[in-house]
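Chemist:
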Amino acid sequence: DEIGDDYDAARVVYKRGSDMQGARLYATVICNSCPIVAEPVRRVEEFEINSNKIWLRDKFNRFLEMFSHLDELYTGREELVFPQRPVLVYLCEDDSHIQEVWECISDLATENPDQELWFSSDSRIFNYNMAGQRFLKMADYGLAPVNLATWIGTEERI
Numbered sequence: 476d477e478i479g480d481d482y483d484a485a486r487v488v489y490k491r492g493s494d495m496q497g498a499r500l501y502a503t504v505i506c507n508s509c510p511i512v513a514e515p516v517r518r519v520e521e522f523e524i525n526s527n528k529i530w531l532r533d534k535f536n537r538f539l540e541m542f543s544h545l546d547e548l549y550t551g552r553e554e555l556v557f558p559q560r561p562v563l564v565y566l567c568e569d570d571s572h573i574q575e576v577w578e579c580i581s582d583l584a585t586e587n588p589d590q591e592l593w594f595s596s597d598s599r600i601f602n603y604n605m606a607g608q609r610f611l612k613m614a615d616y617g618l619a620p621v622n623l624a625t626w627i628g629t630e631e632r633i
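Heads up, the sequence shown is in my numbering, so the first residue is 476 and it goes up one at a time.
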């Protein structure tokens, strides 16, 4: 497969039998049989912070529920099939925003180690000099670059 050959944007996905158990997948791509779901997260005004944290945690839980039942997903009337559990990537505004998002969902993420969770930011995605460091994951010592050769089978510095 070509990297990013199977790409889709902005579709609502539901778990079969549950009208309330769904989420909008803003972008999905399958890279060499590794599905990746991107979830953009934007900073909010001070008065919206608490409700945004609740929304972020709720949506993370919906992703966990849906990705735990890959054989029960549909979009519209079509079944949605992922070859394996998708990697969830939070696209944040900058590295400090990545830390803020991590602090909000860290307990949920550590309770669910089967869910691979990556982070990136606007500057990491759009700046040429960030090749090889576009995707990060939380490690014991903080943020660390994702080894893309292991995950999607490419030696390219994406």
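Beta carbons: idealized from backbone N, C-alpha and C, even for Gly.
Does the Cβ-Cβ distance between Val-512 and Thr-550 come in under 7 angstroms?
Modeler: Result no, Cβ atoms of Val-512 and Thr-550 do not sit closer than 7 angstroms.
Chemist: Kindly indicate the opening and closing residues of the beta strand (DSSP E) around Glu-578.
Modeler: Note, Glu-578: premise wrong, no beta strand (DSSP E); alpha helix (DSSP H) at 570-586.
Chemist: Tell me which same chain residues have a C-beta within less than 8 angstroms of the C-beta of Thr-629, skipping the five on either side of it?
Modeler: Hits under 8 angstroms: Ile-478, Cys-506, Asn-507, Leu-623.
Chemist: Rounded to whole angstroms, what's the CA-CA distance from Asp-570 to Tyr-616? Just pull it up for me.
Modeler: Computed Cα separation, rounded: 15 angstroms.
Chemist: Say the cut is 6 angstroms; is the CB of Val-564 nearer than that to a heavy atom of the ligand COA?
Modeler: Among the ligands in the structure shown, none appear at all, so the ligand COA cannot be discussed.
Chemist: Looking only at C-alpha atoms, which of Arg-499, Arg-518, Val-504, Cys-509 sits nearest to Ile-573?
Modeler: Here the closest residue by C-alpha is Arg-518.
Chemist: Should Arg-599 go down as buried or exposed, given a rule of 16 or more other Cβ atoms within 10 Å for buried?
Modeler: When all chains shown are included, Arg-599 counts as buried.
Chemist: When the Cα atoms are used, what is the spatial distance from Trp-593 to Arg-552?
Modeler: Going by the C-alpha atoms only, they are around 30 angstroms apart.
Chemist: Measuring CB atoms only, is the stretch 525-541 touching the stretch 575-586, in the sense that at least three cross pairs come out at less than 8 angstroms?
Modeler: Yes, since at least three Cβ pairs between the stretch 525-541 and the stretch 575-586 fall closer than 8 angstroms, the two stretches touch.
Chemist: DSSP state of Gly-617, grouped into three classes?
Modeler: Of the three classes helix, strand and coil, the one that applies to Gly-617 here is strand, per DSSP.
Chemist: Once you ignore the five residues that flank Val-576 on each side, which residues in its own chain have a CB closer than 6 angstroms to its CB?
Modeler: The residues are Val-516, Tyr-565, Cys-567.
Chemist: With DSSP run on the structure shown, which of helix, strand or coil describes Ala-498?
Modeler: Correct three-state label for Ala-498: strand.
Chemist: Are the Cβ atoms of Glu-547 and Lys-490 separated by less than 7 angstroms?
Modeler: In contact: Glu-547 and Lys-490 (Cβ atoms closer than 7 angstroms).
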